[in-house]
Amino acid sequence: MSGLFDVLLDQPIPEALFRPLLFFSFMLHFFFVLLTVGSAILGVTFYVWEQWGPHERPRGWDRDFLSLFFVHKSLAVVFGVGPLLLMQVGNTIPFMTAASLFSPLWLLIIVLLIASFLLLEWVAVRPSGQRWRFLLVGLAGLTMLLAVPGIFVAVLSVTERPATWDEFLALGGRLPRELGWHWLMRYLHVLGTAILFAAAFHYFKTAEEDQHRRRILAAWMAGSIAAQFALGLALFASLGRMPQFLILFVLMVGVLAASGLMALVFRGQASRRQLSAGPVLWLLFLILTPMLLTRQMLRDAVLIPVNRQLEQNAADYERRLSPLMATGMTSPAGLHQPTPLIEPGIIYMHSCAICHSAVGNGLGKAASELDVPPEDIAAMRMSDQTLRRILLEGIPGTSMPRFGFYTAGQLEGVIAFLRGNIGLLAAPAPAPTTAPADSARGLTVFYQTCTVCHGPDGRGTALSAGFSPPPPDLTLIGFTPSRAFEVISRGYPGTMMPSFAELPESTRWGLVQVVSELYQGNEQVRGRSRQ
Amino acid sequence: MQFPIYHIPFAGDGMTIGFNAVVHVVLSHGIAIGALGMVVLSDWIDQAESGRTAEAWESYRKSLLKFCVLVVTTAGAITGVGIWFTTTTLAPRGIASMLRIFFWAWFVEWIVFVLELVGLLVLYFLWDRLAGDRRRYRRLLGLGYVLLSGFTAVIITGIIAFMLTSGSWPSERSFWSAFLNPSYLPHLFTRLGLAFVIGSMVATGFAVLARRDAIMQRDALRLFGIVLGLSFLVFCGSLLAYYRSVPLGFTDSVMFSVLTSHLSQLPLLLILANLAGAAVVIALAVAAYRGSIRWSRLLVVPALAVFIGFVVEFERIREFIRGPYLMPGYMWVNGVLVSETPALMQAGMLDNHPWYQRQPVQHDALTAGAFLFSQNCSACHTIGGLNDIRRQVRGRSENGIYAIINHTHEMAGFMPPFSGTEPERRAMARFLYLLEQGRVEMESYARHMPRVGRSGP
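Protein chains in written order, with my numbering: chain W, -13 to 517; chain C, 4 to 460.
As structure tokens, then:
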């Protein structure tokens, strides 16, 4: 029974376990993201306020805000692994499609995180003084850090809207307008939440008994909640459609909790009393949980049917292709390892026999597809050195490949094989006996006709150097007499070598002798050519 | 093929994934396991409880700890996630498949990461307070951290090893058949050896370069010199065992993977370079063991550079020789399934590729050819960058390119077959021919969309 057995159709985690796990792991991750981002915003803002503000001396608030940045960011990153894993397994195609569509920005996150972490931690532990330098460092770090949730929100927005993928691609990677607005509101909403959570955290953790600082942080909390109401409304409007009742209900719980927190903060400010940790933390929890739940429910409403459809597509695809696998050709090298290419005989069969055939006569199975037919290498003669050069450089203008992907050891094995089994490196064949008259006529024809391309010494001319392929260097490459006769008589298809069948046969044998003597290094032949 | 295609222009996918991964390996193995392991080791072994030597050691340990914690939580963790990010974009089907096969292993890995990080933060923040008679808690916490850190390597190595030796998984399809694969154990010990080589080198460097407490330097050198020597031995021995556990069909391209076609005819160069590098590492181990501060100072940075070079070499070889597979017996490097290829050769890749139709271009022979190149070949070949496909087809006619595409997987064992019909092969050959001739311009090098309407016939 053949089939694709596509692993992507496997579900390693049951649906009932997947969604709660994703929700809780994401909430853990997101909580520390909020603290990280919010503390960075507060830290850099107060750095500016303290260095250039109305105070005589910096009070070090920004250092306190950034003091736990190190811990928060580490926890945010490590907790992020879980939801990333779950998203990629549970919403594979939507999530990974969105990430791919957003490349290279998606990849930039790595660099942005490392750089922003280092820069902001530097600001946190900076020596006093050099305030301009650390302003730049802090701003750079903050900008890079803030870019990251921007990219994540964009990726998640696109993940949740498969209907926009085509438009996204068509726009060359820019968000379509309505999606752009949604993204902006969502992103700002995240930043607002970050400020709220960080302000609350520092209210209780780092401000401690500093009443003045606490009042200011409480003001930040109030301000961020107010902004969240406005942003939340705009975000809700950007959804474009009314969510189901259950989702609305959950959302309202969050809105109510936010209102409650707002009231608590205002009351605290008005009566000049400290906020107590208990109620605030509970309310924050009751804000975060419903909001994240709303988001997940909205996403699931879209993606559960989409995933089901995609699974159906995959199953259809498998059904469509499976019969072709059964009747199709055997899968090339579909084993656990490719054929080892170490034995010279194996390398020859894999790389050379395709064109040159198993016996080297140039009639391999791919030969007919080529413009320049493969050479009958059993009928060629050359030195080791020439052969090595051809194997490494190929023959430009023909389909002879460059075999530089074989190491010296592999090539030496092939050369030995060619010597022993194909006879390529054998001694030159004896020159055919010809009558002196034929030899003389052959030489004359050679000087009159052949030297135009082959040159007087058989090495080619400036003209033929431009041919594709150029003629072979006849002093380095030899032929058996019968092969040379064949090429002279029939020409070499696909090259500039024409057929000389109109010459008398005896003359052609005379030319064969010339070629043979060029290869043998007959000085007499070469010497005469210079006259 | 269910995912859109994105390739890194010029540098290529492999280099990008590889660069991020190597940084991660050096930091996660070398610092998170190795260097922190040295901090913990010296905490356990330290004989002096009080006095100037003890103070010097404490000061040394604290500063090394601080450095390691900063590096690990910043670059170490992010580059780890970075491997995920890069593969999501560049090899989506591969990573998506492996996440499913090894889901619970990765889930457990996540839990261990959390415990490891929390343990490290606790260790760091309580370090000073757990001195004196509460020191044994510090020692135990440190040991617990190192064990957790090592355990993450125990888990992840199973997955990486699977990518080269898939064992009986292709037929059995069970988690354990994938995880307990033939190269797992030697691969694991190679990594653990690697971790402590780098760790002991970093610790040595800290002792002789960053510190000036001569009072503890000699003792530190001796300790770390022993660790360096032993772990380098483990590294080399495991590497040998690893090599022997990998099928011949992969190891036949080990030399080429490092030498590339530029140096493939000079194999001796590679052997000599590696021997020279090993000599530097051994020299440092000897110098440290003998307590020579001067020689250690001279050798520690070159030795570290050399060994990081070994790490790059190791990862490069491992990733390259895996070709033509991403997962042996299941998936080719280009994300097409081994079982899909014969079917696509009849049914056609373009008709069955959801993203071909969705490309916002005029669908003609040229864009078809470009897309086929993109899906089949761009995992390794770029246009105009490293391993430039134009260089590979130079000097060939269109027919010549067409002919060789059918056989590249036979000639070069690390290349997958072309998964398309004859007409598709023609289209791709035509595209490559025109590309090499300079008659096609690319609109996008990342998504391989040719600039339509400007090419010649």
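Just so it is clear, CB atoms sit at the ideal spot from N, CA and C, and this is done for glycine as well. Source: prediction; values computed, not measured.
Quiz item: Alpha carbon to alpha carbon, how far is Thr22/W from Phe16/W?
Solution: When rounded, the distance between both Cα atoms is 10 Å.
Practice problem: Measure the Cβ-Cβ separation of Ser171/C and Phe391/W and say whether it is below 8 Å. | Solution: No, they are not a contact pair.
Practice problem: Please name the residue in Gly383/W, Arg375/W, Trp118/W, Gly209/W whose C-alpha comes closest to that of Trp38/W. | Solution: Closest option to Trp38/W, judged by alpha-carbon separation, among Gly383/W, Arg375/W, Trp118/W, Gly209/W: Trp118/W.
Quiz item: Quick one: which chain C residues come within Cβ less than 9 Å of Gly115/W?
Solution: Near Gly115/W there are no residues of chain C at all, since even the closest Cβ is about 22 Å away, more than 9 Å.
Quiz prompt | CB contact flag (Thr168/C, Ser241/C, <8 Å) | solution = No, they are not a contact pair.
Quiz item: Whose CA, out of Met204/C, Gly228/C, Phe227/C, Gly196/C, lies closest to the CA of Leu236/C?
Solution: The closest CA to that of Leu236/C, considering only Met204/C, Gly228/C, Phe227/C, Gly196/C, is found on Gly196/C.
Self-check item: Buried/exposed call for Leu(-10)/W, threshold 16 Cβ in 10 Å
Solution: Residue environment for Leu(-10)/W: buried (at least 16 other C-beta atoms within 10 angstroms of its C-beta).
Practice problem: Report the residues of the stretch 90 to 119 of chain C with a CB closer than 9 Å to any CB of chain W, ordered along the chain. | Solution: Per Cβ criterion, the list reads Thr91, Thr92, Leu93, Pro95, Arg96, Ile98, Ala99, Ser100, Met101, Leu102, Arg103, Ile104, Phe105, Phe106, Trp107, Trp109, Phe110, Glu112, Trp113, Ile114, Phe116, Val117, Glu119.
Quiz item: Where do the ends of the beta strand (DSSP E) carrying Ser224/W lie?
Solution: Here Ser224/W belongs to no beta strand (DSSP E); instead the alpha helix (DSSP H) covers 197 to 224.
Quiz prompt | Segments of 4+ residues assigned as alpha helix (DSSP H) that fall wholly inside the stretch 312 to 397 of chain W | solution = List check, alpha helix (DSSP H) in window: 330 to 333, 339 to 342, 370 to 379.
Quiz prompt | Coarse secondary structure for Met228/W, derived from DSSP in three states | solution = The three-state reading of DSSP puts Met228/W in coil, since its state is none of H, G, I, E or B.
Self-check item: Residue-chain proximity (Asn337/C, chain W), Cβ-Cβ < 8 Å
Solution: Residue contact with chain W for Asn337/C: absent (no Cβ-Cβ distance below 8 Å to any residue of chain W).
Quiz prompt | Element boundaries [alpha helix (DSSP H), containing Glu153/W] | solution = Where Glu153/W is concerned, the enclosing alpha helix (DSSP H) stretches over 151 to 156.
Self-check item: Nonlocal neighbours in the same chain, by C-beta distance under 7 Å from Val500/W, ignoring five residues either side
Solution: Apart from the 5 residues on each side of it in sequence, Val500/W sits with its Cβ closer than 7 Å to the Cβ of Gly428, Leu429, Phe432, Val511 in its chain, given in chain order.
Exercise. Compare the beta carbon distance of Asp499/C and Gly145/C with 8 Å and say whether it is the shorter of the two.
Key: Since the first and last residues shown for chain C are 4 and 460, residue 499/C lies out of range.
Quiz item: Can you name, in chain order, every residue of its own chain whose Cβ lies under 6 Å from the Cβ of Phe106/C, other than the five neighbours on each side?
Solution: If we look at Phe106/C and ignore the five residues flanking it on each side, it has no Cβ neighbours.
Quiz item: Is Pro422/W helix, strand or coil when you go by DSSP?
Solution: Pro422/W sits in a helix when the DSSP states are folded into three classes.
Quiz item: Along chain W, which residues have their Cβ under 7 Å away from the Cβ of Gly416/C?
Solution: For a Cβ distance threshold of 7 Å, residue set Pro324, Thr325, Leu327 of chain W lies close to Gly416/C, ordered along the chain.
Self-check item: Presumed contact (8 Å Cβ cut-off) between Pro(-2)/W and Arg103/C, rounded CB distance
Solution: The Cβ separation is near 5 Å, so the contact holds.
Practice problem: Report the option in Pro44/W, Ala133/W, Met482/W, Leu104/W whose CA atom is closest to the CA atom of Gly115/W. | Solution: Across the set Pro44/W, Ala133/W, Met482/W, Leu104/W, the C-alpha of Pro44/W shows the shortest separation from the C-alpha of Gly115/W.
Quiz prompt | Pair within 8 Å by beta-carbon distance, Phe486/W and Ser475/W | solution = Cβ atoms of Phe486/W and Ser475/W: closer than 8 Å.
Practice problem: Compare the Cα-Cα distances from Leu188/C to each of Met166/C, Ala244/C, Ser152/C and report the closest residue. | Solution: Out of Met166/C, Ala244/C, Ser152/C, Ala244/C has the C-alpha closest to the C-alpha of Leu188/C.
Quiz item: Who are the near neighbours of Ile333/W in its chain, counting only those whose CB is closer than 8 Å to its CB and skipping five residues on each side?
Solution: Counting only Cβ-Cβ distances below 8 Å, and skipping sequence neighbours, we find Leu327, Tyr392, Gln396, Gly399, Val400, Phe403.
Quiz prompt | Length of the line joining the Cα atoms of Phe222/W and Thr275/W | solution = Their Cα atoms are separated by approximately 17 Å.
Quiz item: With 16 other CB atoms within 10 Å as the buried threshold, where does Glu119/C fall?
Solution: With 16 or more Cβ atoms within 10 Å of its Cβ, Glu119/C is classed as buried.
Self-check item: Cβ of Phe88/C within 8 Å of any chain W Cβ
Solution: By this cut-off, Phe88/C is an interface position.
Quiz item: Under a three-way DSSP split, which group does Gly464/W fall into?
Solution: DSSP, read as helix, strand or coil, puts Gly464/W in strand.
Quiz item: Where Asn337/C and His265/C are concerned, what is the direct C-alpha to C-alpha distance, given to the nearest angstrom?
Solution: Their backbone Cα atoms lie some 24 Å apart in a straight line.
Quiz item: When you compare only the Cα positions, how much space is there between Arg445/W and Ser369/W?
Solution: Looking at the backbone, the Cα of Arg445/W and that of Ser369/W are separated by about 16 Å.
Exercise. Within the same chain, show all residues whose beta-carbon is closer than 7 Å to that of Gly351/C, passing over the 5 residues directly before and after it, in chain order.
Key: Sequence-distant partners of Gly351/C (beyond 5 residues in either direction) whose C-beta falls short of 7 Å from its own C-beta, in its chain, are Gly423, Thr424, Glu427.
Practice problem: Using the DSSP secondary-structure output, state which residues sit across from Leu340/C in a beta bridge. | Solution: According to DSSP, which records beta bridges pairwise, Leu340/C is partnered with Met334/C.
Quiz item: Would you say Ala156/W faces chain C, with C-beta separation under 8 Å as the test?
Solution: Residue contact with chain C for Ala156/W: present (Cβ-Cβ distance below 8 Å to some residue of chain C).
Quiz item: Contact check, Gly350/W vs Cys341/W under 8 Å by CB: the rounded distance?
Solution: Between Cys341/W and Gly350/W the Cβ distance is about 4 Å, and since that is below 8 Å, they are a contact.
Quiz item: Just reading off the beta strand (DSSP E) that Ser447/C is part of, what are its end residues?
Solution: Element bounds for Ser447/C: 445 to 447.
Quiz prompt | Beta carbon of Ala133/W nearer than 8 Å to that of Leu98/W | solution = In this structure, Leu98/W lies closer than 8 Å to Ala133/W by Cβ.
Exercise. Could you work out which residues of chain C lie near Trp92/W, taking near to mean beta carbons separated by less than 8 Å?
Key: Residues of chain C passing the Cβ test: Phe88, Thr91, Thr92.
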